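Participant:
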Amino acid sequence: MHSDRQPARWLADFHAAMVSRDKVQFQALFLDDSYWRDFLAFTWDIATLEGHDSIWDMLLHRLDEVKPENWRIESEDKPGDTAGAWFSFETAVGRGKGHLRLKDGRCWTFFTTLRELKGHEEKRGETRVAGAQHGVVKGRRVWQDGRNDARAELGISKQPYCLIVGGGQGGLALAARLKQLDVPTLIVDALPRPGDGWRRRYRSLCLHDPVWYDHMPYLPFPDHWPIYTPKDKMGDWLEAYASILELDIWNSTPCTHAEWDDTTKRWSVEVERDGRTITLRPAQLVLATGMSGVPNRPAINGQESFRGAQLHSSDYKDGAPYAGKNCVIIGANNSAHDIAADLWENGASVAMIQRSPTLVVKSSTLERYGRPLYSQAAVEAGIDADKADLIAASIPYRILPQFAKPVVARFRQDDAEFYGKLEAAGFMLTFGEDETGIGLMYPRRGSGYYIDVGASDLIINGDIALKSGVEIDHLSEDGVTMADGTTLPADLIVYATGYGPMNDWAALLISSAVADKVGPCWGLGSGTAKDSGPWEGELRNMWKPTNQEALWFQGGNLQQARHFSIYTALQIKARMEGIATPVYRAD
Ligand SMILES: Cc1cc2nc3c(=O)[nH]c(=O)nc-3n(C[C@H](O)[C@H](O)[C@H](O)COP(=O)(O)OP(=O)(O)OC[C@H]3O[C@@H](n4cnc5c(N)ncnc54)[C@H](O)[C@@H]3O)c2cc1C
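Quick note on this note's numbering: the sequence shown kicks off at 62 and runs consecutively.
1. If you check the beta carbons only, do Thr173 and Tyr645 fall under 8 Å apart?
2. Give a single yes or no on whether Ala251 has its beta carbon closer than 7 Å to a heavy atom of ligand 1.
3. Bridge partners of Asn395, per DSSP?
4. I'd like the ranges of any alpha helix (DSSP H) spanning at least 4 consecutive residues and lying wholly in the region 421–509.
5. Name the two residues that bound the continuous beta strand (DSSP E) containing Phe171.
6. Specify the secondary structure class of Glu182 as computed by DSSP and reduced to three states.
7. Can you grab the Cα-Cα spacing for the pair His276 / Ile456, in whole Å?
8. Can at least three beta-carbon pairs, one atom from the region 422–430 and one from the region 451–467, be found at a separation below 8 Å?
9. Output needed for Asp106: all residues of its chain with C-beta closer than 8 Å, excluding positions within five of it in sequence on either side, in chain order.
10. In the structure shown, what three-state DSSP assignment does Asn564 receive?
11. Is the region 212–228 in contact with the region 236–251, if contact means three or more CB pairs nearer than 8 Å?
12. Specify whether the region 230–242 and the region 627–640 touch according to this definition: at least 3 beta carbon pairs, one from each stretch, less than 8 Å apart.
13. Would a C-beta distance cut-off of 8 Å place Asp513 and Ser424 closer than the cut-off?
14. Measuring straight from C-alpha to C-alpha, what distance separates Lys84 and Ala77?
15. With 16 other CB atoms within 10 Å as the buried threshold, where does Pro359 fall?
16. Taking the straight line between their C-alpha atoms, what separation do you get for Leu147 and Asp74?
17. Between Asp376 and ligand 1, is the CB less than 7 Å from at least one heavy atom?
18. Just curious, the beta strand (DSSP E) that Pro68 is in, first and last residue?
19. Any chance the CB of Arg262 is under 7 Å from a heavy atom of ligand 1?
20. Given this structure, state the Cα-to-Cα distance separating Ala89 from His113, to the nearest angstrom.
21. So, Lys386 versus Ala412, is the Cβ gap smaller than 8 Å?
22. With DSSP as the reference, label Gly112 as helix, strand or coil.
23. Just the Cα atoms here: how many angstroms apart are Pro68 and Pro462?
24. Quick check: the Cα distance between Met62 and Thr143, rounded to an integer number of angstroms?
25. Return the chain-ordered ranges of every beta strand (DSSP E) run that is complete within the region 556–627 and spans a minimum of 3 residues.
26. Pick out whichever of Arg471, Thr547, Gly507, Tyr511 has its Cα sitting closest to the Cα of Leu600.
27. Would you mind working out which of Phe367, Arg238, Leu341, Gly586 sits nearest Leu308, comparing C-alpha positions?
28. Under 8 Å between the Cβ atoms of Met563 and Gly616?
29. Would you tell me roughly how many angstroms separate the C-alpha atoms of Leu120 and Gln86, rounded to the nearest one?
30. Can Tyr556 and Ile391 be called in contact, C-beta distance under 8 Å?
31. Please list, in chain order, all residues of the same chain as Gly598 whose beta carbon is under 8 Å from its beta carbon, the five residues on each side excluded.
32. Provide the residue(s) that pair with His195 in DSSP beta bridges, ordered along the chain.
33. Give, in chain order, every unbroken run of the alpha helix (DSSP H) that is at least 4 residues long and sits entirely within the region 238–279.
34. Looking only at C-alpha atoms, which of Cys388, Trp132, Arg202, His398 sits nearest to Leu266?
35. Can you tell me which of Lys199, Val197, Asn209, Ile116 puts its alpha carbon nearest to the alpha carbon of Trp169?
36. Between Thr324 and Gly192, what straight-line distance do the alpha-carbon atoms span, to the nearest angstrom?
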């Protein structure tokens with residue numbers, strides 16, 4: 062046992078064990094409860110292998126083809142409970158980066174990512190294109206001519222290799238990566254302009270995540286950009302992004318249906334453009350239609366008799382028309398709070414109905430403790446967004462709770478008075494079933510929380526009336542009657558009741574058979590509320606091959622759009638180039 066083994070020595074021993082295929086030597090290098098998180102490099106999947114037996118099995122299946130070599134330590138972590146290091150390596154088809162954490166000289170976590178394909182590297186830095194064509198050329202065609210031609214051809218006389226349905230941040234980030242990889246890509250979006258997804262949300266919305274978390278690929282925000290981007294500014298940024306990165310988008314073009322042809326290995330995708338139905342035939346189809354699926358609109362007795370307005374939160378725009386009116390918000394998560402506060406600011410009388418406990422975390426606390434990797438301090442320590450993304454991804458989901466719990470405990474302690482007041486107001490709180498906070502609730506269910514930017518104080522001091530833990534019985538002509546017999550008067554009811562799962566989009570646009578075959582999107586299979594098992598250890602079906610050939614899901618917050626678009630793009634590029642991409646799935 063080499064209890065003093067340090068990263069460089071470990072990596073050399075690891076390589077030797079792989080070369081000799083020596084199981085005993087290999088298993089001595091990994092702890093029994095070790096984890097290997099791989100983004101494509103070994104598995105052509107986004108997967109975490111748990112335990113040294115499953116790691117060994119994977120290697121046995123994959124080593125001959127992957128042919129890993131040139132393992133090189135790039136930097137060592139500061140000494141701590143574990144000895145860690147960043148390294149680079151090569152496979153037969155690409156180059157990768159990774160990280161390892163050792164405990165007593167044996168590997169606890171191992172992380173490998175494929176970052177580029179050999180022979181298909183992005184042109185950047187030294188290899189960037191010239192742009193200008195110096196000299197004199199008769200009949201010279203300039204950059205704008207080329208752009209015009211490309212626009213006129215793509216989707217008309219030249220089929221895109223990849224079609225992305227949805228041009229929000231997820232679709233745009235992926236298209237930008239594919240563009241750099243020379244994959245002919247077209248985005249279609251139902252809305253008129255890039256960025257409209259943000260613009261059409263309610264007036265007061267600002268990003269809940271700070272600027273360091275939100276950079277898009279290739280084009281970071283300038284360093285004077287505000288910490289919390291207002292939603293229209295975000296919309297404008299995405300529109301500029303699409304233009305600067307020369308993305309090909311058909312806006313005002315809803316996709317209505319898609320079908321896979323197993324014989325031609327092409328999709329047949331119908332879109333509505335300028336009053337005509339156009340059929341596109343891409344080889345790869347990406348649904349970047351938003352991680353929130355179709356809005357949940359609960360059926361409640363008496364809805365038809367209610368005389369006021371009823372809106373789903375996704376249709377709510379502005380509180381101004383409701384000054385002096387009674388407004389009831391059904392739901393108690395992010396949108397519910399933001400909308401309640403907006404209505405209150407506009408002079409409405411607001412009540413919120415909370416059915417189950419909500420995870421609340423103050424935005425300022427989250428900024429202090431929650432995301433140290435995405436902060437000004439991190440930037441000053443030399444951690445840019447890409448590095449931060451890799452550091453965050455180096456911790457497998459299975460062990461994330463042990464990192465998350467102490468953070469939750471700390472902010473519960475710091476904000477104890479605030480939480481006490483919320484509970485005294487009748488608000489039902491949770492910090493996650495296992496006290497792991499928002500860091501786990503987000504990947505598990507993508508909902509169930511409020512990042513407090515002020516509305517909690519309105520609940521504490523009674524400015525927003527709260528009805529919690531009581532079911533709604535029915536709607537009357539002018540209010541909401543609860544099961545305890547009380548009635549909340551209402552001119553407006555907002556259903557802040559969330560969205561259906563993302564694979565609803567597959568059912569809607571392709572078929573329920575395909576949606577069933579693909580299975581749920583998002584969630585880890587943690588067995589906690591709204592994330593039933595079995596344990597998957599990665600977000601289901603996101604950015605990785607699905608059970609439907611050539612169908613991909615791209616979505617999530619800005620950080621995920623940035624980071625995971627690398628891997629979706631490389632998988633699509635590899636398929637376009639005919640590089641073998643056998644997906645390793647543990648039995
Ligand atoms: C109130 C609120 C606040 C949020 N705050 C944050 C935040 O601070 N930070 C953050 O990162 N995320 C935040 N989110 C989450 C946010 O929804 C996502 O980050 C973001 O919108 C996801 O981008 P996307 O590209 O995956 O999907 P979307 O932005 O939803 O884009 C999907 C696109 O698909 C298009 N589309 C759908 N169906 C079709 C079709 N059939 N044909 C053609 N086009 C179609 C839509 O028009 C839309 O443009 C917030 C969400 C809400 C509701």
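The beta-carbon is built from N, C-alpha and C at its ideal position, and this holds for glycine as well.
Owing to the predicted nature of the structure, the values given are computational and were not obtained by experimental measurement.
Facilitator: Reading off the structure:
1. Translated into positions along the sequence shown, residue 173 becomes position 112. Translated into positions along the sequence shown, residue 645 becomes position 584. Against a cut-off of 8 Å, the Cβ pair of Tyr645 and Thr173 comes out as no contact.
2. Taking the sequence shown and counting its residues from 1, the one referred to as residue 251 is at position 190. It does: the Cβ of Ala251 is within 7 Å (strictly closer) of some heavy atom of ligand 1.
3. As a first step, residue 395 must be located in the sequence shown, where it is residue number 334. Its beta-bridge partners do not exist; DSSP assigns none.
4. 437–441, 446–454, 461–475, 477–485, 498–506
5. The residue labelled residue 171 in the question sits at position 110 within the sequence shown. Bounds of the beta strand (DSSP E) holding Phe171 are 167–178.
6. Residue numbering aside, residue 182 sits at position 121 when the sequence shown is read from its first letter. Reduced to three states, the DSSP call for Glu182 is coil.
7. Looking up residue 276 in the sequence shown gives position 215. Looking up residue 456 in the sequence shown gives position 395. Whole-angstrom Cα-Cα distance: 21 Å.
8. no
9. The residue given as residue 106 occupies position 45 in the sequence shown. These residues qualify, in order along the chain: Asp99, Lys605, Pro606, Val644, Tyr645, Arg646.
10. The sequence position of residue 564 within the sequence shown is 503, counting from 1. Helix, per DSSP.
11. yes
12. yes
13. Residue numbering aside, residue 513 sits at position 452 when the sequence shown is read from its first letter. Residue numbering aside, residue 424 sits at position 363 when the sequence shown is read from its first letter. Closer than 8 Å, so yes.
14. Translated into the one-based positions of the sequence shown, residue 84 becomes position 23. Translated into the one-based positions of the sequence shown, residue 77 becomes position 16. Distance between the alpha carbons of Lys84 and Ala77 is about 11 Å.
15. On the sequence shown, position 298 is the one that residue 359 refers to. The residue is exposed, with fewer than 16 neighbouring Cβ atoms inside 10 Å.
16. By 1-based counting over the sequence shown, the position of residue 147 is 86. By 1-based counting over the sequence shown, the position of residue 74 is 13. Per the sequence shown, the amino acid found at residue 147 is Trp instead of Leu. Rounded to whole angstroms, Trp147 to Asp74 spans 16 Å at the Cα level.
17. Residue numbering aside, residue 376 sits at position 315 when the sequence shown is read from its first letter. Answer for Asp376: no, Cβ out of range of ligand 1.
18. The count along the sequence shown starts at 1 and reaches residue 68 at position 7. Unbroken run through Pro68 is the alpha helix (DSSP H), 68–81; no beta strand (DSSP E).
19. Taking the first residue of the sequence shown as position 1, residue 262 is located at position 201. Correct: Arg262 has its Cβ closer than 7 Å to ligand 1.
20. As a first step, residue 89 is located in the sequence shown; it is residue number 28 there, counting from the start. As a first step, residue 113 is located in the sequence shown; it is residue number 52 there, counting from the start. Approximately 9 Å between the Cα atoms of the pair.
21. By 1-based counting over the sequence shown, the position of residue 386 is 325. By 1-based counting over the sequence shown, the position of residue 412 is 351. Contact: no.
22. Along the sequence shown, one-based indexing puts residue 112 at 51. Coil.
23. The sequence position of residue 68 within the sequence shown is 7, counting from 1. The sequence position of residue 462 within the sequence shown is 401, counting from 1. Pro68 and Pro462: Cα-Cα distance of roughly 25 Å.
24. By 1-based counting over the sequence shown, the position of residue 62 is 1. By 1-based counting over the sequence shown, the position of residue 143 is 82. In this prediction, Met62 has a pLDDT of 47, which is less than 50 and means its spatial position is unreliable; what the coordinates show is noted afterwards. Rounded to the nearest whole angstrom, the C-alpha separation of Met62 and Thr143 is 17 Å.
25. For the region 556–627, whole beta strand (DSSP E) runs of length 3 or above, ordered along the chain, are 612–614.
26. For the purposes of this step, residue 600 is identified with residue 539 of the sequence shown, where counting begins at 1. Taking only the C-alpha atoms, the option nearest Leu600 is Gly507.
27. In the sequence shown, counting from the first residue as 1, residue 308 sits at position 247. Nearest C-alpha to Leu308: Arg238.
28. Within the sequence shown, the letter at position 502 stands for residue 563. Within the sequence shown, the letter at position 555 stands for residue 616. Yes, Cβ-Cβ distance for Met563 and Gly616 is below 8 Å.
29. Translated into positions along the sequence shown, residue 120 becomes position 59. Translated into positions along the sequence shown, residue 86 becomes position 25. Those two C-alpha atoms are separated by around 14 Å.
30. Sequence index remark: in the sequence shown, residue 556 carries index 495 (1-based). Sequence index remark: in the sequence shown, residue 391 carries index 330 (1-based). Yes; because the gap between Cβ atoms is below 8 Å, this pair is in contact.
31. Stepping through the sequence shown from its first residue, residue 598 is reached at position 537. Contacts found: Ala108, Thr109, Glu111, Pro457, Tyr458, Arg459, Leu585, Gly586.
32. Numbered from 1 along the sequence shown, position 134 holds the residue referred to as residue 195. In DSSP, His195 forms no bridge with anything.
33. 257–260
34. Position 205 of the sequence shown, counted from the start, is the residue given in the question as residue 266. Here the closest residue by C-alpha is His398.
35. Translated into the one-based positions of the sequence shown, residue 169 becomes position 108. The option with the nearest alpha carbon to Trp169 is Ile116.
36. Along the sequence shown, read from residue 1 onward, the residue named residue 324 stands at position 263. Along the sequence shown, read from residue 1 onward, the residue named residue 192 stands at position 131. The alpha-carbon atoms of Thr324 and Gly192 are separated by roughly 40 Å.
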